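Residues 445 to 1003 (our numbering) make up the sequence shown, in order.
These notes concern the structure reproduced below.
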Amino acid sequence: MRHVAAATLVLVISYAVVGAQQSSRPEFVDVAQQVGLVFSHVNGATPQKYLPETMSGGAIFLDYDSDGWPDIFLVNGGSLADNRIATSAQHRLFRNTRKGKFVDVTESSGIRKVGYGMGACSADYDNDGFPDLYVTAFGPNQLYHNLGSGTFTDVTATSGTGSAGLDLWSTGCAFADIDNDGDVDLYVTRYVDFTVARNKTCIIANNTAGYCHPNAYNSLPDVLYRNNGDGTFTDVTPQLGVKRPGNGLGVVFGDYDNDGWIDIYVSNDSTPNFLFHNKGKGVFEEVGLWAGVAVGADGESLAGMGTDIGDVDNDGLLDIFVANLDSQTHTLYKNLGKGLFADATFLSGIGPLTLPYVGFGSSFLDFDNDTDLDLAIANGHVLDNVKILRPSGSYEQLNLLLENDGTGKFKNVGPLSGSGFASKRASRALAVADFDNDGDQDILISNTGTTPELLRNDGGNRQNFLSVETKGVKSNRSGVGARLTVSVNGKTLIREVKAGSSYLAQNELRVHFGLGHATSVDRLEVRWPSGVVDVIKSIDANRFVSIQEGRNEVESLVR
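Pasting the structure below:
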């Protein structure tokens, strides 16, 4: 941050494009208000320019009642100066009613905000069939145990996940099974050692105060909690090789070297990014610089915020994306194999497309079901008074939808993709799910100090899909970290089950495959964290299915 449905619902939409030609392609429409997503983020902005005010706004999809319909949790900030504002700004849990609507169930859920909220992540840490919830904050983080009755209870104190301290600033989080022992562990990124008492005044231009560069404060080390399997966690940061100071914001797990052990990538703001290689059984070594994913092409640290990992060119290797500050470009690191990456930012087309933007939330998705991974990015400046510094600058910015041509090269199709990508906001988190179970992926975006956007995908399901829910037996119950490989029409597609990514965000746990015009999947392979491999052949398209570890078959789900 440098400041200098088994059946596919088909909707046919046509609209004008360049040259007055008519083309039919997916459109995104903001339906947040229409579906009952009534929420306004509070950042509590003050003349003192407390740094957390411009960084908050988590948003996640989770199926908290395990009914097959993605629900939504939105994280609120509050105020560091006004206790009345702080206590009135509550997090919100919205239940998906299955009828195209959401209902606010916060009051009955048992979820209550403590501290100044940042982000969240969700996984079933005790393998009881219901996803639990972890919320990060400037101040105390909270772990909520899902009781399975639509209610949660705060187990932070008894679980051991409060050891990060009450006055430290946590940001992103993600769950995965680092040691393949059958339960998920928790990684929490931490930012800088800001406190209200140590707030610094930073002048950006014309004797005007602005939010300070993060390097005005000392970096904090992240925290890794190992799941003990009995409802408690142990802080194992020093023992397992991940204790390094960095301005941590984004975190994502992925097996980048295909060795069956989940690795960790952390995007750091203005310090080198981390790539923690899992040497086996959850012992890590930091290899970011050696692997080529720590800094930009010029060797300088970038303003890493949101991050995701996915195979953009269908070569069987996971590539890494990081959103950065304007004038830096966002970054795509192409996985070359053998533990090495190359900076493909400009070769992919991402460089010039992202140069004017400050990127936060970011996620790979196949929005048009054509088999390849596209990219959605939430943008918005960190300076609410950036025009004083640079008259051409803008706090509110357009979000980006970048379409993959199938070879890992991207073009911006936001202007062709409906009103959802036409508005300017100061956006932060971005998460992806098929919230209406119609066979295409929708996008949730949080905006600091205002209302969120729920961008419904209308028409992405014109091509075919397969949606897969994973159920672990030896592995963790939700199959987090499982690798799914689909063979379809001569292509091989890989996806992994991820519980946390982007910026302060999480996508739904179900794995979505766009299949193009193929009417069936030739082969689905699931490699579970336990090492068990399931193989299922000849699966009809346009289905929601579940696969249980060790059964070598899929079960159709009614949506």
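In this text, a Cβ means the ideal position worked out from N, Cα and C, and glycines have one as well.
In this text, all values refer to a predicted model and were calculated from it rather than measured experimentally.
Practice item. Just grab the DSSP bridge partners of SER982 for me. Key: DSSP, once it has assigned bridges, lists no residue as partnering SER982.
Review point. Residues in its own chain within less than 6 Å of THR605 by CB, not counting five upstream and five downstream?
Key: LEU587, TYR669 and PHE677
Practice item. Inspect the beta-carbon positions of PRO470 and GLU952 and report whether they are closer than 8 Å. Key: Not closer than 8 Å, so no.
Point to revise | Residues bridged to HIS956 (per DSSP) | key: For HIS956, the pairing in a beta bridge is given by DSSP as SER911.
Check your understanding: Taking the alpha-carbon positions, what's the TYR569 to GLY944 distance?
Key -> 14 Å
Check your understanding: Less than 8 Å separating the beta-carbons of PHE619 and ALA567?
Key -> yes
Check your understanding: From ASP787 to PHE808, what distance separates their C-alpha atoms?
Key -> Rounded to whole angstroms, ASP787 to PHE808 spans 18 Å at the Cα level.
**Study point:** Nearest to ILE622 (by Cα), restricted to the options ASN659, VAL680 and VAL976
**Key:** VAL680
Review point. Any idea what DSSP makes of ILE622, helix, strand or coil?
Key: coil
Exercise for review: With DSSP collapsed to three states, give me the class of PHE811.
Suggested key: coil
Point to revise | Nearest neighbour of ILE516, chosen from ASN881, VAL970 and ALA875 [CA to CA] | key: ALA875
Exercise for review: Could you please give the first and the last residue of the uninterrupted alpha helix (DSSP H) stretch that includes GLY732?
Suggested key: Taken as a continuous stretch (DSSP letters only), the alpha helix (DSSP H) holding GLY732 covers 732-735.
**Study point:** Contacting residues, own chain, Cβ-Cβ under 7 Å from PRO682 (five flanking each side not counted)
**Key:** none
Practice item. Could you pull out every unbroken beta strand (DSSP E) segment of at least 3 residues lying fully inside the region 704-749, listed in chain order? Key: 707-712, 718-722 and 728-730
Exercise for review: Check whether the Cβ atoms of PHE785 and ARG872 lie closer than 8 Å to each other.
Suggested key: no
Review point. Using CA coordinates, which residue listed in LEU968, LYS915, GLN950 and THR892 is at the minimum distance from ASN487?
Key: THR892
Point to revise | Proximity to SER593 [Cα-Cα], best of ARG556, SER714 and ARG539 | key: ARG539
Point to revise | Test item: CB-CB of ALA427 and PHE505 under 8 Å | key: With the chain covering only 445 through 1003, there is no way to say anything about residue 427.
Practice item. List the endpoints of the continuous alpha helix (DSSP H) containing ILE529. Key: 527-532
Practice item. With a threshold of 16 other CB atoms inside 10 Å of the CB of VAL640, please say whether the residue is buried or exposed. Key: exposed
Review point. Got a sec: does the ligand NAD put a non-hydrogen atom nearer than 7 Å to the Cβ of LYS981?
Key: The ligand NAD is absent from the structure shown, which contains no ligand whatsoever.
Check your understanding: Can you check whether the CB of ARG634 is closer than 8 Å to the CB of THR615?
Key -> yes
Review point. For THR550, which residues does DSSP report across the bridge?
Key: DSSP output for THR550 lists no bridge partner at all.
**Study point:** Residue of ARG834, TYR560, HIS657 and LEU746 minimising C-alpha distance to SER500
**Key:** TYR560
Check your understanding: Thinking just about the alpha-carbon of each residue, which of ALA476, THR936, LYS831 and THR914 is nearest to the one in LEU959?
Key -> THR936
Exercise for review: Find out if the Cβ-Cβ distance for the pair ILE706, VAL695 is shorter than 8 Å.
Suggested key: no
Point to revise | C-beta contact flag for GLY750 and TYR578 at 8 Å | key: Not in contact: GLY750 and TYR578 (Cβ atoms no closer than 8 Å).
Point to revise | Proximity below 8 Å, CB of ILE794 to CB of PHE854 | key: yes
Check your understanding: In whole angstroms, what separates the C-alpha of ASP886 from that of LEU899?
Key -> Between ASP886 and LEU899, the C-alpha separation is close to 6 Å.
Practice item. Pick helix, strand or coil for SER990, following the three-state DSSP scheme. Key: strand
Practice item. Please name the residue in PRO575, PHE697 and ASP666 whose C-alpha comes closest to that of PRO973. Key: The shortest Cα separation from PRO973 among PRO575, PHE697 and ASP666 belongs to PHE697.
Point to revise | Contact under 8 Å by Cβ, SER931 with ASP984 | key: no
Practice item. Measure how close the beta-carbons of LEU928 and VAL912 come, nearest whole angstrom, since I'm counting them as under 8 Å. Key: 6 Å
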